[in-house]
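Contents: one structure, followed by commentary.
There are 2 protein chains.
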Amino acid sequence: MAGARTHLQWLTASEARGLISRGELTSREVVSACLERWRARDGEVRAWTFLDPELALSQADAADKTDDAGPLRGIPVGIKDILYTRDMPTSFNSPHFQDFFPRIDAASVALLRSAGAVIMGKCDTVEFAVNGRRAATRNPHGLDRTPGGSSSGSAAAVADGQAPLALGTQTGGSVIRPASYCGVYAIKPTWNAVSHEGFKVCAASFDTLGWFARSADDLALLCDAFNIHDDTAPNFVGLAGMRFAVCRTPVWEQAEPATRDAIALCIRLLRDAGGSVAELELDPEFDGLTQAHMTIMQSEMRSSFQAEYRQLGDALYPELVGIMANEAGQSRADLVRAHDLAARCRARFDELAAPFDAVITPSTAGEAPLGLENTGAATFNRIWTLLHAPCVNVPGLRGPAGMPVGVTVTGPRFRDRHVIAAAGLLGEQIAGYARRPGSATKETATI
Amino acid sequence: MAGARTHLQWLTASEARGLISRGELTSREVVSACLERWRARDGEVRAWTFLDPELALSQADAADKTDDAGPLRGIPVGIKDILYTRDMPTSFNSPHFQDFFPRIDAASVALLRSAGAVIMGKCDTVEFAVNGRRAATRNPHGLDRTPGGSSSGSAAAVADGQAPLALGTQTGGSVIRPASYCGVYAIKPTWNAVSHEGFKVCAASFDTLGWFARSADDLALLCDAFNIHDDTAPNFVGLAGMRFAVCRTPVWEQAEPATRDAIALCIRLLRDAGGSVAELELDPEFDGLTQAHMTIMQSEMRSSFQAEYRQLGDALYPELVGIMANEAGQSRADLVRAHDLAARCRARFDELAAPFDAVITPSTAGEAPLGLENTGAATFNRIWTLLHAPCVNVPGLRGPAGMPVGVTVTGPRFRDRHVIAAAGLLGEQIAGYARRPGSATKETATI
Chain E
6 MAGARTHLQW
16 LTASEARGLI
26 SRGELTSREV
36 VSACLERWRA
46 RDGEVRAWTF
56 LDPELALSQA
66 DAADKTDDAG
76 PLRGIPVGIK
86 DILYTRDMPT
96 SFNSPHFQDF
106 FPRIDAASVA
116 LLRSAGAVIM
126 GKCDTVEFAV
136 NGRRAATRNP
146 HGLDRTPGGS
156 SSGSAAAVAD
166 GQAPLALGTQ
176 TGGSVIRPAS
186 YCGVYAIKPT
196 WNAVSHEGFK
206 VCAASFDTLG
216 WFARSADDLA
226 LLCDAFNIHD
236 DTAPNFVGLA
246 GMRFAVCRTP
256 VWEQAEPATR
266 DAIALCIRLL
276 RDAGGSVAEL
286 ELDPEFDGLT
296 QAHMTIMQSE
306 MRSSFQAEYR
316 QLGDALYPEL
326 VGIMANEAGQ
336 SRADLVRAHD
346 LAARCRARFD
356 ELAAPFDAVI
366 TPSTAGEAPL
376 GLENTGAATF
386 NRIWTLLHAP
396 CVNVPGLRGP
406 AGMPVGVTVT
416 GPRFRDRHVI
426 AAAGLLGEQI
436 AGYARRPGSA
446 TKETATI
Chain L
6 MAGARTHLQW
16 LTASEARGLI
26 SRGELTSREV
36 VSACLERWRA
46 RDGEVRAWTF
56 LDPELALSQA
66 DAADKTDDAG
76 PLRGIPVGIK
86 DILYTRDMPT
96 SFNSPHFQDF
106 FPRIDAASVA
116 LLRSAGAVIM
126 GKCDTVEFAV
136 NGRRAATRNP
146 HGLDRTPGGS
156 SSGSAAAVAD
166 GQAPLALGTQ
176 TGGSVIRPAS
186 YCGVYAIKPT
196 WNAVSHEGFK
206 VCAASFDTLG
216 WFARSADDLA
226 LLCDAFNIHD
236 DTAPNFVGLA
246 GMRFAVCRTP
256 VWEQAEPATR
266 DAIALCIRLL
276 RDAGGSVAEL
286 ELDPEFDGLT
296 QAHMTIMQSE
306 MRSSFQAEYR
316 QLGDALYPEL
326 VGIMANEAGQ
336 SRADLVRAHD
346 LAARCRARFD
356 ELAAPFDAVI
366 TPSTAGEAPL
376 GLENTGAATF
386 NRIWTLLHAP
396 CVNVPGLRGP
406 AGMPVGVTVT
416 GPRFRDRHVI
426 AAAGLLGEQI
436 AGYARRPGSA
446 TKETATI
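Order-wise, the sequence lines are chains E and L. Position 19 of the first sequence, counted from 1, bears residue number 24 in the working numbering, the numbering being contiguous throughout. Position 138 of the second sequence, counted from 1, bears residue number 143 in the working numbering, the numbering being contiguous throughout.
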């Protein structure tokens, strides 16, 4: 089955872009290959809430005809179904919004269109990108398992060859977690590096638009489109001499063997390649960040969902009703303390991380849970979302059940390009390891 | 002309609400009175970009027929034309968005509707609520002067009796400044106390939805609708014994005589009423906040307006093009330093303000400038927007040109209700002073 990867649906966006720009490939060919894959697999994977093949192909044909060589010309991109799209409905995967159809594009979608992208369709999500109704999506690597939430369909579509790129959002762990479970690259950039305009707000202090891809280069390609640049370009070209740190975080005891093994293996691979790896110890104050994340998120949800709560009341799903009713009894003083702790730790983490080229940390506790009801936990993502730090999931390793397990590369705020570059180098090393005969995490080529 | 104030268009929302709930007034009567005022004055004041009398009246009739006694049942509210409204166009007062019609409501507009409000129309704004094209609106107190920006139409409509309430937004000084110039109450609540969803984003770290009214009670009424509550209710009932501070801010030297006199008069009135007034000195670190505000706002605008910049390029207005091209050369390091300074000062201001019931500070440098081109400056508002502190403009005083000059009441984050209550007490004192024969700021009843 390895040959299937050479088919057009497995091209990365960067590969397809090169071929299209040289006239060796059309957008219609790429989009058609993705649609063929979708037709073959959708009954099982169910990544999309909306996909109209004719609408996708008509955009592809327009891209093939234009003289305007935008950076994403003709490249299909899936859109998480909490982002507005002027020509497709937006359901939030909520039973209450099945007829919702804002006739506008989210700022990010508008930007993709102006860069020449083909808006492929809407990707399934956990209700409101929070909780409640789960996506119908299954993990392409094991159909009896969750793809993770809340950007379930976005991660699965990219993992399954139904689109080379997809947008998602993260407030807790909704980009990095499904990327880890589905075995794809993804970035949650620095908070506010990309416009939040035009999607269902959960917690404005944390909501971050991110994206999924099958290579680190593709993550960088969308950074180009979104105008994300560090102050200086990364000055490393290979792992030799690079300075890494491992941060086990205050929740390390929740890491399962799959994740412990993945982190240990990364340390070994980085050292084998000539990099140094130190331990990055967080101050005791960081122990409060998981609680601070919960306090800020839920307090801000009481603003964000106030209109829905007024209109729908107890018809909303029970957990959301409990948050709206403030059953946890979070005070404004709690919220202010949480904001101020978060702000202090943001500055402090930047200091702690500054001596290193990148910081390695778990993406998830382990492999994707069985079933679709439990979409996994944001345990290892919350603190990075709160810290506004750029995070990239690096795929390539697998756990004892044969399912993907990612690792996160992070760093100081607005070092997105550095983090992507370091993640790409680590990813190459992991891929090389996985190809070795007898390696414990050998790629199984099940898809 | 004083009798005109007894007409229905001059009812506050709280007064109209009481009469409607007791069956002594209909929404149609209130809306009709506002429409009558609009017809008489619109040729001069020009507060609205869109107003359809039939659409407003049909909502009034629906409110009069319903059994659902929402907190704003039948009360007309103007909406700044950067907020989405499902049944009215949204232009951002931009030449590039004259046909823009998102078929959705901003979260705040949806909440008003569910509270029973009549969405009266769209209020003119400075382009994108930033700069560029000015509102066509004139100051109702002096038609040769600006109403202030960017929430120009919202402030003018409320000041002129064309609606008792209007929504605006503030990123620099776009709520408090026009309120000061137009002589109305307004609140910029604590950041993120109200959902930002559904409007043109400028700078997500600062953008704050606020509202205009003709009484402090009306500001509180919308707090009810938006579910804004402090941890504890204000424990003061009159000015006697209250502890005030005056904060002259690092930009005090830019205060004109009108504002210096207004602050001095407030100190005297508060002391005469039995309150204490201390000076609140900010630490030297606060001197950097004006620059930090500019750095964060412009850096975030490069995300927020990226799609428009890609599509329109130099067709955008020149100042915005300069910001998009980062002519100021703001680095990511500058941005991070600005964020961290802002966060430290937020916590520090809360400490400094904690011993007081409220803090008094200028709303604007002085009276509204002549002409419509110069909408005034956010000089005295930037630091409070950056600090995320709740701010209320208190009207009632006038400067040497006879134009309104407001003062701001502020306090620690999430003390919105305390700030409104203190502002209401100060406002009563000012109104009593203005009614005295021979007072220097006697209300001139020009409208």
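Don't be surprised by glycine CBs; every beta carbon is placed ideally from N, CA and C. Here the structure is a predicted model, which is why all the values come from computation and not from measurement.
Which of helix, strand or coil DSSP assigns to residue i
i                      : result
residue 412 of chain E : strand
residue 402 of chain L : strand
residue 148 of chain E : coil
residue 457 of chain E : An answer regarding residue 457 of chain E cannot be provided, because it is not within the stretch 6 to 452 covered by chain E.
residue 435 of chain L : helix
residue 37 of chain E  : helix
residue 361 of chain E : coil
residue 284 of chain E : strand
residue 140 of chain L : coil
residue 442 of chain E : coil
residue 91 of chain L  : coil
residue 4 of chain E   : Nothing about residue 4 of chain E can be reported from this structure: the residues present for chain E run from 6 to 452 only.
residue 7 of chain E   : In this prediction, residue 7 of chain E scores a pLDDT of 37, lower than 50, which makes its location untrustworthy; no coordinate-derived value is stated.
residue 48 of chain L  : helix
residue 15 of chain L  : helix
residue 182 of chain E : helix
residue 248 of chain E : strand
Span of the beta strand (DSSP E), counted from its first residue to its last, around residue i
i                      : result
residue 216 of chain E : 213-218
residue 259 of chain E : Careful: residue 259 of chain E lies outside any beta strand (DSSP E) and carries neither H nor E.
residue 103 of chain L : Run containing residue 103 of chain L: none; DSSP gives neither H nor E here.
residue 228 of chain E : First-last for residue 228 of chain E: 221-230, but that is the alpha helix (DSSP H), not the beta strand (DSSP E).
residue 64 of chain E  : Not the beta strand (DSSP E): residue 64 of chain E falls in the alpha helix (DSSP H), residues 58-70.
Span of the alpha helix (DSSP H), counted from its first residue to its last, around residue i
i                      : result
residue 354 of chain L : 337-358
residue 85 of chain E  : No alpha helix (DSSP H) contains residue 85 of chain E, which is instead part of the beta strand (DSSP E) from 81-85.
residue 192 of chain L : Note, residue 192 of chain L: premise wrong, no alpha helix (DSSP H); beta strand (DSSP E) at 190-193.
residue 329 of chain L : 323-329
residue 388 of chain E : 387-392
residue 172 of chain E : First-last for residue 172 of chain E: 170-175, but that is the beta strand (DSSP E), not the alpha helix (DSSP H).
residue 158 of chain E : 157-164
Counted within 10 angstroms of its Cβ, other Cβ atoms place residue i as buried (16 or more) or exposed
i                      : result
residue 330 of chain E : exposed
residue 103 of chain L : exposed
residue 12 of chain L  : exposed
residue 131 of chain E : buried
residue 71 of chain E  : exposed
residue 366 of chain E : buried
residue 417 of chain L : buried
residue 129 of chain E : buried
residue 240 of chain E : exposed
residue 6 of chain E   : Reliability of the predicted coordinates at residue 6 of chain E is poor, the pLDDT of 35 falling under 50, and the value obtained from them is presented with this limitation in mind. It counts as exposed.
residue 364 of chain L : buried
Where residue i meets chain L, residues with beta-carbon distance less than 7 Å
i                      : result
residue 308 of chain E : 197, 198, 199 and 200
residue 109 of chain E : 107
Chain-ordered chain E contacts of residue i [CB-CB under 7 Å]
i                      : result
residue 115 of chain L : 312
Interface residues of chain L facing residue i [CB-CB closer than 8 Å]
i                      : result
residue 305 of chain E : 197
residue 119 of chain E : 312, 315 and 316
Listed by chain order, chain E residues near residue i by CB distance under 9 Å
i                      : result
residue 338 of chain L : 236 and 419
residue 18 of chain L  : Per Cβ cutoff of 9 Å: no residues; residue 18 of chain L is ~18 Å from chain E at best.
Proximal chain L residues relative to residue i, where beta-carbon distance stays under 9 Å
i                      : result
residue 363 of chain E : Those do not exist, as residue 363 of chain E stays about 17 Å from chain L at its closest Cβ, beyond 9 Å.
residue 436 of chain E : Residues of chain L passing the Cβ test: none, with the nearest at roughly 30 Å.
residue 330 of chain E : Result: empty, since nearest Cβ-Cβ is about 11 Å, beyond 9 Å.
Check your understanding: Between the segment 188-202 of chain L and chain E, which residues of the former have CB atoms less than 8 Å from a CB of the latter, in chain order?
Key -> 197, 198, 199, 200, 201 and 202
Check your understanding: Can you list, in chain order, the residues of the segment 235-249 of chain E whose Cβ is nearer than 8 Å to any Cβ on chain L?
Key -> 235 and 236
Point to revise | Near-chain L residues of the segment 203-232 of chain E (beta-carbon distance less than 8 Å), N- to C-terminal order | key: 205, 206, 209, 210, 231 and 232
Exercise for review: Using a Cβ-Cβ cut-off of less than 8 Å, list which residues of the segment 342-361 of chain L approach chain E; keep chain order.
Suggested key: 344, 345, 348, 349, 351, 352 and 355
Check your understanding: In the segment 134-165 of chain L, which residues sit with their C-beta less than 7 Å from some C-beta in chain E, listed in chain order?
Key -> The segment 134-165 of chain L vs chain E, Cβ under 7 Å: nothing.
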